[in-house]
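Chains as they are written, first to last, in our numbering: chain A, 105 to 217; chain B, 62 to 173.
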């Protein structure tokens, strides 16, 4: 298995533009997580899906952020409109069970100028 | 709300030293505690997972311990090598929460 695959690896965009981050979890994993990592706040959970259903989105900063999981092999995190304070590394992770055996993707480094 | 603290934030040691990284958490009602490694520009790699009923786990030169009652865990690295240089993160899975809560990590540099 190729692991959790995220794209793009790097994204530079102008303030106000829409940004879409993509994630392909490991086949057979039923839980998917989106995290954001910054120097100030460390790793923060944004949203958690179980069997493609959003379970906990309390970490999503505001309405500008949205996430979808249309099927078991694909998820997106969208920011519209983007702001400079959204600059961070965004990680996707999947697990076979919610509390065990996390596998992280390599992350998307987002820079909003 | 669960808080996870890692001390020290950064550590620099010469090759060959044994070292200990510390993790503390505020809520002892945990399912498990996990240690991860993060290399610069990369994702997180799981190193060790300790279930709440366990006291320690070992993998090669790594040994992680868990004391639930005091809310503490340590990661012991024996005979450190330059290849161990990375950021080490501690995370706990708490009863009633959806997912892991992470500390901010300890950045380790092992010099030859």
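Built from N, CA and C at the ideal position, the CB exists for glycine as well. Predicted, not measured: the structure shown is a model, and the values here were computed from it.
First and last residue of the uninterrupted beta strand (DSSP E) at residue i
i: residue 128 of chain A; result: 123–128
i: residue 150 of chain B; result: 147–155
i: residue 182 of chain A; result: 178–183
i: residue 137 of chain B; result: 133–138
i: residue 140 of chain A; result: 135–142
i: residue 98 of chain B; result: 91–99
Span separating the alpha-carbon of residue i from that of residue j
i: residue 184 of chain A; j: residue 124 of chain A; result: 9 Å
i: residue 77 of chain B; j: residue 131 of chain A; result: 40 Å
i: residue 158 of chain A; j: residue 196 of chain A; result: 14 Å
i: residue 160 of chain B; j: residue 180 of chain A; result: 19 Å
i: residue 103 of chain B; j: residue 167 of chain B; result: 16 Å
i: residue 200 of chain A; j: residue 206 of chain A; result: 8 Å
i: residue 135 of chain B; j: residue 122 of chain A; result: 42 Å
i: residue 83 of chain B; j: residue 211 of chain A; result: 26 Å
i: residue 70 of chain B; j: residue 169 of chain B; result: 9 Å
i: residue 191 of chain A; j: residue 126 of chain B; result: 35 Å
i: residue 160 of chain A; j: residue 172 of chain B; result: 42 Å
i: residue 145 of chain B; j: residue 109 of chain B; result: 15 Å
i: residue 89 of chain B; j: residue 162 of chain B; result: 13 Å
i: residue 115 of chain A; j: residue 182 of chain A; result: 13 Å
i: residue 213 of chain A; j: residue 151 of chain B; result: 22 Å
i: residue 101 of chain B; j: residue 148 of chain B; result: 8 Å
Cβ separation of residue i and residue j, assumed to be a contact under 8 Å, to the nearest whole Å
i: residue 67 of chain B; j: residue 165 of chain B; result: 6 Å
i: residue 163 of chain A; j: residue 149 of chain A; result: 5 Å
i: residue 64 of chain B; j: residue 86 of chain B; result: 7 Å
i: residue 230 of chain A; j: residue 151 of chain A; result: Residue 230 of chain A lies beyond the stretch modelled for chain A, which goes from 105 to 217, so this question has no answer here.
i: residue 153 of chain B; j: residue 94 of chain B; result: 5 Å
Distance CB(residue i)-CB(residue j) smaller than 8 Å
i: residue 74 of chain B; j: residue 141 of chain B; result: yes
i: residue 193 of chain A; j: residue 119 of chain A; result: no
i: residue 116 of chain B; j: residue 138 of chain B; result: no
i: residue 141 of chain A; j: residue 127 of chain A; result: no
i: residue 111 of chain B; j: residue 156 of chain B; result: no
i: residue 198 of chain A; j: residue 129 of chain A; result: yes
Helix, strand or coil at residue i according to DSSP, with G and I counted as helix
i: residue 158 of chain A; result: strand
i: residue 128 of chain B; result: strand
i: residue 143 of chain B; result: helix
i: residue 116 of chain B; result: coil
i: residue 189 of chain A; result: helix
Any non-hydrogen atom of the ligand ZN closer than 7 Å to residue i Cβ
i: residue 101 of chain B; result: You won't find the ligand ZN in this model; it holds no ligand whatsoever.
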